[in-house]
Every structure is written in C-alpha cells, then in structure tokens.
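In our numbering, the protein residues as written are 565 to 991. Accompanying notes for the structure given below.
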Amino acid sequence: MRQTPGETTERATERTATASHTPPDAERLRRWRLVLGADSADSTECALTGQDAAMDGALDALYGGGTAKKPNGRSTGARSAGLGASAPSVARWLGDIRTYFPSSVVQVMQRDAIDRLGLSALLLEPEMLEAVEPDVHLVGTLLSLNKAMPETTKETARAVVSKVVEDLERRLESRTRATLTGALDRSARISRPRHRDIDWDRTIRANLKNYLTLPAPDAATTAGSTGTTGATGTVVPERLIGYGRSSRSAKKDIVLCIDQSGSMAASVVYASVFGAVLASMRTLSTRLVVFDTAVVDLTDQLDDPVDVLFGTQLGGGTDINRALAYCQSRITRPADTVVVLISDLYEGGIRDEMLKRVAAMKASGVQFVTLLALSDEGAPAYDHEHAAALGALGAPAFACTPDLFPDVMAAAIEKRPLPIPDKEYQP
Numbered sequence: 565m566r567q568t569p570g571e572t573t574e575r576a577t578e579r580t581a582t583a584s585h586t587p588p589d590a591e592r593l594r595r596w597r598l599v600l601g602a603d604s605a606d607s608t609e610c611a612l613t614g615q616d617a618a619m620d621g622a623l624d625a626l627y628g629g630g631t632a633k634k635p636n637g638r639s640t641g642a643r644s645a646g647l648g649a650s651a652p653s654v655a656r657w658l659g660d661i662r663t664y665f666p667s668s669v670v671q672v673m674q675r676d677a678i679d680r681l682g683l684s685a686l687l688l689e690p691e692m693l694e695a696v697e698p699d700v701h702l703v704g705t706l707l708s709l710n711k712a713m714p715e716t717t718k719e720t721a722r723a724v725v726s727k728v729v730e731d732l733e734r735r736l737e738s739r740t741r742a743t744l745t746g747a748l749d750r751s752a753r754i755s756r757p758r759h760r761d762i763d764w765d766r767t768i769r770a771n772l773k774n775y776l777t778l779p780a781p782d783a784a785t786t787a788g789s790t791g792t793t794g795a796t797g798t799v800v801p802e803r804l805i806g807y808g809r810s811s812r813s814a815k816k817d818i819v820l821c822i823d824q825s826g827s828m829a830a831s832v833v834y835a836s837v838f839g840a841v842l843a844s845m846r847t848l849s850t851r852l853v854v855f856d857t858a859v860v861d862l863t864d865q866l867d868d869p870v871d872v873l874f875g876t877q878l879g880g881g882t883d884i885n886r887a888l889a890y891c892q893s894r895i896t897r898p899a900d901t902v903v904v905l906i907s908d909l910y911e912g913g914i915r916d917e918m919l920k921r922v923a924a925m926k927a928s929g930v931q932f933v934t935l936l937a938l939s940d941e942g943a944p945a946y947d948h949e950h951a952a953a954l955g956a957l958g959a960p961a962f963a964c965t966p967d968l969f970p971d972v973m974a975a976a977i978e979k980r981p982l983p984i985p986d987k988e989y990q991p
C-alpha cells in the first residue's frame with residue numbers, strides 16, 4: 565500500500581480498499597471525472613464522494629471552479645480562480661493539497677497557483693510561507709520578492725530558502741567533490757613521477773613511437789613451452805607522465821558568471837549552491853558574479869549560499885558583455901581558468917563586443933563554458949543566434965542538469981570535449 569505524503573494511514577487504507585473493490589470501468593470513469601472537472605465531466609455520470617470529492621474541490625479551486633451559478637445551482641460556465649485573495653482560504657487549500665497529493669504534485673500545483681492566481685503577494689505573509697512546500701521554484705519566487713518583503717517575513721523566508729539549499733547541498737556536494745578532485749589530480753601532470761604516481765595509459769600513448777620489436781626466442785624452446793613461435797615487442801618509456809600530488813595552492817580558477825534575469829531563477833539557485841561547494845575546495849579558487857544590466861561580485865559571501873541568494877536581484881535587463889568584461893579583468897592565470905557563463909543569451913548589451921571577449925579569453929587559454937540553463941527543467945528558451953555564434957567560437961551552448969554539472973566541470977578542468985547531454989540543445 566502506497567501512502568502519499570501527508571496522508572494518514574487510515575486514509576491510505578480506505579483509498580486502497582476502495583480502489584480494490586472498484587470495477588475497472590468505474591475506476592476509469594472516476595479518473596476521467598477527476599481529470600475533466602465538474603463543468604466538463606457530466607457525460608461520465610460519475611459522482612464523487614469522500615476523499616475524491618475533496619481532491620476534486622482542491623483541483624477545481626485552481627484549474628476551474630467558476631463561482632457564478634445559475635438558479636438551478638449549476639455553473640454558468642464562467643471559469644475563474646476559486647481561491648480568491650483570502651489568505652485563510654489559500655492556507656486551507658495549501659493544507660488540503662498536501663493531504664491529498666504527493667510532494668512532487670504539490671510543488672507543481674503551488675507553482676501554478678502563483679502563476680495563475682497571482683498569489684505572489686500572499687507569500688509575503690509568514691503564515692503563508694509556513695504552509696507551502698519548499699522547492700527550487702518557490703525559492704526563485706521569494707528571491708524575486710526580496711526587495712518588497714517586510715521585515716516580519718524575511719526570517720521565515722530565509723528559513724524556507726535555507727531548507728531548500730541544505731537539501732540541494734546534501735544531494736550534490738559529495739559527487740561534485742569526488743568528480744572534481746579526480747579531474748584536478750588528472751589535470752596536474754608531472755614529467756618525473758615516482759613509480760606509484762605514473763599515469764600508465766598516457767605514458768604508453770606518449771611513447772608508442774618507441775615501440776621495439778624483440779627477436780624471437782629459440783624456436784625449439786618456445787614450441788616446447790607454449791606451442792607457438794613468433795617475435796614480441798615492447799614500448800620503451802622514454803618519457804614518463806605522472807599525476808601531480810595535491811598541494812595547498814589552488815590548481816584552477818573558476819569563475820561562475822550568472823544571469824539573474826527573471827527567467828533564470830532556478831539556475832541562480834543551483835549555481836549558488838555549486839558555487840559554495842566549489843569555494844569550499846582548497847584546490848579551487850572560485851569567483852561568483854551575478855549580473856543583469858549591472859554586475860555584482862558575491863565571492864565574499866560564498867561560504868553561505870543563502871546570503872548569496874539574498875544578494876541577487878531577480879528581474880531586470882541583461883548586459884552579458886559588461887559581465888564578461890568584469891570577469892575578464894579578474895583573470896590572472898588564463899591557462900588555469902574556467903569561466904562558466906550561465907545565461908539564456910538574450911543580450912541587451914553590445915553583441916559583437918560580447919563575442920570578441922569570448923574569443924579573446926579562449927585565445928588566451930581560458931576554458932569557456934556556456935550553459936543555457938542549470939536546472940532540472942526541459943528545453944530552455946534562449947537566443948539561438950547568439951548560441952550559434954558562441955558555438956562557432958568553440959564554446960558550444962547547451963542546457964545542463966545539476967546532476968551533469970560536475971562532469972561538465974571535470975571535462976573543462978581536464979580540457980576534454982564537454983559532455984553535451986542532448987543535441988537538441990545545440991544551435
């Protein structure tokens with residue numbers, strides 16, 4: 565028996581028992597009735613009772629539920645939001661959906677309620693924030709309301725953001741550390757390694773030109789011992805290649821340049837968490853820069869990603885060229901620097917100057933990565949023309965999930981081809 569989050573054992577037992585005694589055709593009609601809603605499902609002739617009726621009411625309040633009624637009590641067909649602007653009503657509705665639906669569905673419904681019913685203003689009330697299910701999209705909404713948030717709400721909002729950030733760090737930190745530590749070790753090559761530090765794969769490839777054919781052993785001896793004859797060969801390791809040992813100094817400089825326009829909210833949340841993880845690694849020197857039409861360096865707040873997030877200002881225009889100019893001015897070791905631009909590339913600045921800066925950084929030895937999005941969502945909206953121009957410069961632009969980000973960074977550190985996840989995202 566599967567018990568949904570927030571559902572009591574008694575409810576789950578009742579639901580399971582009901583479903584097990586419901587004929588297949590009746591169960592199909594019940595599901596269609598819940599999908600179609602009251603106004604469109606009269607032809608199913610399926611009456612909902614108990615928990616099903618409560619679930620239908622919660623769905624109808626968000627996706628249907630016109631309040632205008634005919635004299636006979638039936639709806640006039642006018643479809644409008646059913647939650648109104650009442651904070652108590654919304655708080656009750658939030659409690660209902662957490663009772664009847666799993667957490668993943670609750671997050672989708674909350675997001676739809678904010679978008680469809682204009683509930684953003686209600687999130688400025690502490691009581692409302694305590695009732696919602698925290699997720700990345702809710703954090704993005706709170707950050708966009710940051711400047712309008714009253715002091716009485718900020719403490720609650722910070723607790724909500726902290727919960728999401730802590731969950732993300734637990735999920736992403738260990739794999740990020742392991743992947744990048746290995747990449748850093750492999751990228752630091754030395755020419756006179758100790759025996760235990762030799763990278764045999766690279767050493768053999770580098771010395772294949774020194775392959776020597778050895779004379780065949782005595783035929784009679786060979787035939788008697790193995791039954792075969794023939795020459796053998798060996799590679800003379802004229803040049804040894806080994807892994808470098810870890811040092812306390814930074815091996816690579818990482819610059820995260822994040823577009824904080826409203827459409828990039830989820831990417832800002834994930835990038836801030838990754839920025840904090842990278843900054844905690846001694847062998848990396850990490851800088852985090854956010855921008856719209858202005859540029860803000862949040863590197864000194866990287867020890868607390870929540871401070872980073874509240875230091876952003878989602879919304880506004882975009883000037884990628886200005887942001888890249890700032891990042892370029894902070895690069896001191898081009899050959900050991902990775903710049904990650906996270907943006908949908910809708911440039912409001914000078915396009916040609918932006919492309920020239922990217923070309924100049926790459927020519928100096930900088931590894932340049934362009935991510936159209938850093939989130940779990942589907943194909944992002946982005947400027948295809950700018951993405952194609954960056955691709956022509958050898959900086960392909962693609963969307964990246966948080967789980968793939970460590971692999972992308974490892975490839976950039978080792979100067980290997982980037983693991984582009986889907987050709988669909990390439991211009």
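For each residue, glycine too, the CB sits at the ideal point set by N, CA and C.
- Around residue 904, the same chain offers 820, 933 as residues with beta carbons nearer than 6 Å, after the five sequence neighbours per side are excluded.
- In the structure shown, residue 778 adopts extended strand secondary structure according to DSSP, grouped into three states.
- Residue environment analysis places residue 948 among the exposed positions, since fewer than 16 neighbouring C-beta atoms fall within 10 angstroms of its C-beta.
- Listed as beta-bridge partners of residue 849 by DSSP are 817.
- Contact between residue 852 and residue 872 holds, with the beta-carbon distance rounding to 7 Å and staying under 8 Å.
- Rounded to the nearest whole angstrom, the CA to CA distance from residue 944 to residue 831 is 11 Å.
- Between residue 961 and residue 976, the C-beta spacing is not below 8 Å.
- Cβ contact annotation for residue 972 (same chain, cutoff 7 Å, sequence separation greater than five): 933, 964, 982, 983, in chain order.
- In the DSSP annotation of this structure, residue 707 is not part of any beta strand (DSSP E); the continuous alpha helix (DSSP H) holding it starts and ends at 700-708.
- Annotation for residue 833: 700, 703, 704, 873 place their beta carbon closer than 7 Å to its own, counting only its chain and skipping 5 residues before and after.
- Around the Cβ of residue 775, a 10 Å sphere holds fewer than 16 other Cβ atoms; the residue is exposed.
- A Cβ-Cβ distance of about 19 Å is found for the pair residue 709 and residue 673, leaving them out of contact under the 8 Å criterion.
- Annotation for residue 892: the continuous alpha helix (DSSP H) segment containing it runs 884-893.
- Restricting attention to 591, 860, 958, 938, the CA atom closest to the CA of residue 970 is found in 938.
- Taken through DSSP and simplified to helix, strand or coil, residue 767 comes out as helix.
- Looking at the DSSP output, residue 902 bridges to 818, 931.
- Residues 926 of the same chain have their beta carbon placed closer than 7 Å to that of residue 958, with the five preceding and five following residues left out of the count.
- In its chain, beyond the 5 residues on either side, no residue has a beta carbon closer than 6 Å to the beta carbon of residue 858.
- Sorting 914, 906, 902 by C-alpha distance to the C-alpha of residue 928 places 902 at the top.
- The beta carbon of residue 869 lies closer than 8 Å to those of 729, 733, 836, 837, 839, 840 in the same chain, with the five residues before and after it left out.
- Around residue 798, the same chain offers 776, 778 as residues with beta carbons nearer than 7 Å, after the five sequence neighbours per side are excluded.
- Counting the other Cβ atoms within 10 Å of the Cβ of residue 881 gives fewer than 16, which makes it exposed.
- Secondary structure note for residue 797: it is in no alpha helix (DSSP H), and the uninterrupted beta strand (DSSP E) holding it is 796-799.
- Under the three-state reduction of DSSP output, residue 874 falls in the helix class.
- Under the DSSP assignment, residue 860 falls in the beta strand (DSSP E) whose first and last residues are 859-861.
- DSSP places residue 969 in the uninterrupted alpha helix (DSSP H) bounded by 969-978.
- Apart from the 5 residues on each side of it in sequence, residue 946 sits with its Cβ closer than 6 Å to the Cβ of 908, 909, 936 in its chain, given in chain order.
- Here the alpha carbons of residue 690 and residue 716 stand approximately 7 Å from one another.
- Annotated as distal: residue 622 and residue 679, with beta-carbon spacing of 8 Å or more.
- Non-local beta-carbon contacts of residue 985 in its own chain, meaning distances under 8 Å to residues more than five positions away in sequence, involve 962, 963, 964, 965, 968 in chain order.
- Pairing residue 744 with residue 899 gives a Cβ-Cβ distance that is not under 8 Å.
- Annotation: the continuous alpha helix (DSSP H) that includes residue 617 extends over 614-627.
- Residue state for residue 665 is assigned as coil, using DSSP reduced to three classes.
- Taking C-beta separations shorter than 6 Å and ignoring five residues to either side along the sequence, the partners of residue 855 in its chain run 887, following chain order.
- Cβ-Cβ separation between residue 906 and residue 885: approximately 16 Å, too far for a contact (criterion under 8 Å).
- Counted as a single uninterrupted DSSP element, the alpha helix (DSSP H) harbouring residue 830 occupies residues 829-843.
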